[in-house]
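Presented below is the structure to which this report refers.
Residue numbers (the numbering used here): 306 to 861.
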């Protein structure tokens with residue numbers, strides 16, 4: 306059996322100019338990065354700004370398991386299926402982070418015959434967007450420490466510096482560091498921290514900004530520290546906005562590539578959904594809606610994280626309204642939620658399926674709370690049995706969900722036609738009554754408790770004394786009307802990754818809260834979620850190589 310990277314490398318790609326022609330994009334409106342990838346110019350976005358919006362379809366999933374769910378594969382395959390049905394469709398995805406590529410999760414280009422390509426470029430340096438974000442983040446950090454060294458005119462309390470440096474790599478030893486060691490001219494000694502680039506507020510800012518003016522305003526509002534009076538110090542106070550914006554000028558422009566079947570794909574931005582808001586950029590999504598009749602986008606990890614943040618943060622801020630949701634599950638993942646070990650998932654087990662399907666049930670209930678019609682799709686495996694599929698189909702239909710089997714990994718767009726037809730039928734016959742889960746006027750604790758109760762199924766929320774003080778202080782500073790961005794494990798509906806299925810009788814533990822004032826939300830850290838991941842004992846990097854002809858192997 307061929308690997309994903311072998312399939313991608315053997316594919317015949319169209320020059321990106323020809324992919325762009327399908328969308329009536331002229332060569333002058335492209336900024337080429339080689340033959341197969343390009344950025345879309347501001348002039349193009351302006352030209353299509355008066356076009357009517359297409360239909361917005363969100364692809365999400367149950368909680369991820371080691372068995373795999375195939376959310377991105379489904380997104381890509383669905384887009385290809387729309388193309389086979391003669392529909393004008395665009396796929397809008399996030400860019401992968403280097404950290405997971407060399408760690409345990411792998412890349413994010415889809416799989417099998419439903420991939421976006423060039424796969425190696427996308428999973429590695431791509432068009433340099435993440436490098437630009439990393440540079441802008443660390444420029445701000447350097448200017449902050451330089452300001453303190455050069456007299457500290459703003460009265461920054463070095464014990465209250467909240468801006469962290471970043472790196473797009475899983476490197477646990479950088480979570481907590483000491484900077485400024487050495488001579489007097491080397492700066493003030495203080496504790497510092499690193500986050501992975503996808504957790505940087507600049508990533509969130511870039512993904513939520515409408516244009517350069519909005520980007521600069523958001524950058525300026527970012528809180529980097531507090532002074533001795535407890536007042537926030539911002540990037541604008543440090544006079545860092547212009548230089549950061551210069552670094553981000555090109556990164557702000559969405560990227561155009563293609564699928565294995567030459568369906569256009571806009572891939573832009575990449576905040577994680579467990580430690581950030583988990584959606585591709587607002588600019589990319591809005592541009593896609595003007596380019597095509599149907600836009601397929603996705604949100605990170607399970608619907609308890611990515612979809613909730615897509616609705617409550619991205620749609621709230623950008624004025625977007627999803628027309629339908631595709632909820633991805635697999636028979637194997639549901640059996641895993643029912644207690645079956647990973648090495649026994651191939652055997653039919655109706656008892657385990659009955660126990661594990663409650664995870665799917667909870668996600669269906671959650672998505673219904675946003676008023677958007679749902680299509681459940683099973684990402685097919687050869688080990689799935691007819692009894693298992695029939696049981697899940699009936700389960701979904703009894704809960705007012707359309708159901709379709711997806712075979713896009715094996716068959717590409719052809720294997721997604723039944724799903725595409727179900728989505729088209731849903732768009733035609735079911736009206737979206739989209740609304741957010743909570744209103745801005747609620748207190749921060751009320752928002753946290755609403756998400757914990759309604760989405761996670763928790764009985765309540767426990768706050769550390771530090772978290773309670775932080776939330777109180779944020780409201781006093783005027784940040785109480787912002788939405789909350791919950792940082793939580795992706796593996797469970799709870800904040801304990803070991804609680805599978807549909808946990809009951811648990812509480813969420815909030816240990817820290819801080820404001821991302823530029824992005825426009827309050828980040829709430831729960832459980833033991835890390836903003837700088839580490840590598841596993843046997844990282845994927847062990848298997849990645851490049852031969853003398855420059856062909857990369859081992860990416861997945």
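Quick reminder that beta carbons are idealized off the backbone N, C-alpha and C, glycines included.
Exercise. If we ignore side chains and look at the alpha-carbon of each, how far apart do residue 762 and residue 668 end up?
Worked result: Here residue 762 refers to the residue found at position 457 of the chain shown. Here residue 668 refers to the residue found at position 363 of the chain shown. C-alpha separation (whole angstroms): 10 Å.
Problem set entry | Ranges of the beta strand (DSSP E) found wholly within the region 578-606, counting only runs of at least 3 | 599-603
Exercise. For residue 547, which residues does DSSP report across the bridge?
Worked result: Counted from its first residue, the chain shown places residue 547 at position 242. According to DSSP, residue 547 bridges with nothing at all.
Exercise. Are the region 397-408 and the region 570-577 touching by the rule of at least three beta carbon pairs closer than 8 Å?
Worked result: These segments touch.
For this session: Report the rounded CA-to-CA distance for residue 764 versus residue 797, giving the unit in angstroms.
Result: For the purposes of this step, residue 764 is taken as the residue at position 459 of the chain shown. For the purposes of this step, residue 797 is taken as the residue at position 492 of the chain shown. Rounded to whole angstroms, residue 764 to residue 797 spans 15 Å at the Cα level.
Exercise. Residues in its own chain within less than 6 Å of residue 769 by CB, not counting five upstream and five downstream?
Worked result: Start at 1 with the first residue of the chain shown, and residue 769 comes out as number 464. Counting only Cβ-Cβ distances below 6 Å, and skipping sequence neighbours, we find 816.
Exercise. On the three-state DSSP scale, how would you describe residue 704?
Worked result: Counting from 1 along the chain shown, the entry for residue 704 is found at position 399. Looking at residue 704 - three-state DSSP - the assignment turns out to be coil, as it is neither helix nor strand.
Problem set entry | Three-state class that DSSP yields for residue 803 in the structure shown | Locating residue 803 in the chain shown gives position 498, counting from the first residue. Note: residue 803 maps to coil in three-state DSSP.
Exercise. The beta strand (DSSP E) with residue 569 in it runs from where to where?
Worked result: Taking the first residue of the chain shown as 1, we reach residue 569 at position 264. From DSSP, the beta strand (DSSP E) with residue 569 extends over 569-572.
Exercise. Any C-beta of chain E sitting closer than 8 Å to the C-beta of residue 340?
Worked result: Absent from the structure: chain E. Only one protein chain is present.
Exercise. Candidates 476, 647, 470 and 506: which alpha carbon is nearest residue 497's?
Worked result: As a working mapping, residue 497 is identified with position 192 in the chain shown. Ranking the options by Cα distance to residue 497, first place goes to 470.
Exercise. Would a C-beta distance cut-off of 8 Å place residue 359 and residue 597 closer than the cut-off?
Worked result: As a working note, residue 359 is residue 54 in the chain shown. As a working note, residue 597 is residue 292 in the chain shown. Yes, the pair counts as a contact, with Cβ atoms nearer than the cut-off.
Exercise. Which residues in the same chain as residue 721 place their Cβ atom closer than 7 Å to its Cβ, once the five residues preceding and following it in sequence are excluded?
Worked result: Counting from 1 along the chain shown, the entry for residue 721 is found at position 416. Excluding residues up to 5 positions away in sequence, 382, 383, 385, 386, 711 and 713 lie with their Cβ nearer than 7 Å to the Cβ of residue 721 in the same chain.
Exercise. Got a sec, what are the start and stop residues for the beta strand (DSSP E) residue 652 sits in?
Worked result: Position 347 of the chain shown, counting from 1, holds the residue named residue 652. From DSSP, residue 652 is part of no beta strand (DSSP E); its letter is neither H nor E.
Exercise. Do residue 633 and residue 688 have their CB atoms nearer than 8 Å?
Worked result: Numbered from its first residue, the chain shown carries residue 633 at position 328. Numbered from its first residue, the chain shown carries residue 688 at position 383. No, Cβ-Cβ distance for residue 633 and residue 688 is not below 8 Å.
Problem set entry | At least three beta-carbon pairs within less than 8 Å, the region 774-783 to the region 745-756 | Contact between the region 774-783 and the region 745-756 is present: 3 or more CB-CB pairs across the two stretches fall below 8 Å.
Exercise. Apart from the five residues just before and just after residue 454, which ones in its own chain have a Cβ nearer than 7 Å to its Cβ?
Worked result: Looking up residue 454 in the chain shown gives position 149. Once the five neighbours on either side are set aside, the close Cβ partners of residue 454 are 492 and 493.
Exercise. Secondary structure at residue 765, three-state DSSP: helix, strand or coil?
Worked result: Counted from its first residue, the chain shown places residue 765 at position 460. Residue 765: strand per DSSP, three-state reduction.
Exercise. Using the beta-carbon count (16 or more within 10 Å), is residue 486 buried or exposed?
Worked result: If you number the chain shown from 1, residue 486 lands on position 181. Residue environment analysis places residue 486 among the exposed positions, since fewer than 16 neighbouring C-beta atoms fall within 10 angstroms of its C-beta.
Exercise. For residue 360, which three-state DSSP category applies?
Worked result: By 1-based counting over the chain shown, the position of residue 360 is 55. DSSP places residue 360 in strand when its eight states are reduced to three.
Problem set entry | Closest residue to residue 533 among 488, 552, 465 and 540 (Cα-Cα distance) | Mapped onto the chain shown, residue 533 falls at position 228. The candidate whose alpha carbon is nearest that of residue 533 is 465.
Exercise. Buried or exposed: residue 631, going by 16 or more other Cβ atoms within 10 Å of its Cβ?
Worked result: Counting from 1 along the chain shown, the entry for residue 631 is found at position 326. By the 10 Å Cβ count, residue 631 comes out buried.
Exercise. Whose C-beta lies closer than 6 Å to the C-beta of residue 338 among residues of the same chain, with five residues either side of it excluded?
Worked result: Translated into positions along the chain shown, residue 338 becomes position 33. Once the five neighbours on either side are set aside, the close Cβ partners of residue 338 are 432.
Exercise. Going along the chain, which unbroken runs of the alpha helix (DSSP H) with 4 or more residues stay wholly within the region 617-646?
Worked result: 636-642
Exercise. Using the rule of at least 16 other Cβ atoms within 10 Å of the residue's Cβ for burial, across every protein chain shown, is residue 477 buried or exposed?
Worked result: What you label residue 477 is simply residue 172 of the chain shown in a count that begins at 1. Exposed is the call here.
For this session: Can you give me the start and stop residues for the beta strand (DSSP E) that residue 830 sits inside?
Result: As a working mapping, residue 830 is identified with position 525 in the chain shown. Its beta strand (DSSP E) spans residues 826-831.
For this session: Would you mind working out which of 518, 545 and 515 sits nearest residue 922, comparing C-alpha positions?
Result: Beyond the ends of the chain as shown, which are 306 and 861, falls residue 922; an answer cannot be given.
For this session: Using the Cα positions of residue 691 and residue 329, report the straight-line distance between them to the nearest angstrom.
Result: Position 386 of the chain shown holds residue 691. Position 24 of the chain shown holds residue 329. Whole-angstrom Cα-Cα distance: 44 Å.
Exercise. Would you call the region 416-423 and the region 373-382 in contact, with 3 or more CB pairs under 8 Å?
Worked result: yes
For this session: Below 7 Å CB to CB, which residues in the same chain sit around residue 408 once its five sequence neighbours on both sides are set aside?
Result: Looking up residue 408 in the chain shown gives position 103. Same-chain partners within the cutoff: 475, 838, 840, 841, 844 and 845.
Exercise. For the 8 Å Cβ check, are there 3 or more pairs between the region 349-368 and the region 594-609?
Worked result: yes
Exercise. Between residue 595 and residue 588, what straight-line distance do the alpha-carbon atoms span, to the nearest angstrom?
Worked result: Residue 595 sits at position 290 when you count from the first residue of the chain shown. Residue 588 sits at position 283 when you count from the first residue of the chain shown. So the alpha carbons of these two residues sit roughly 11 Å apart.
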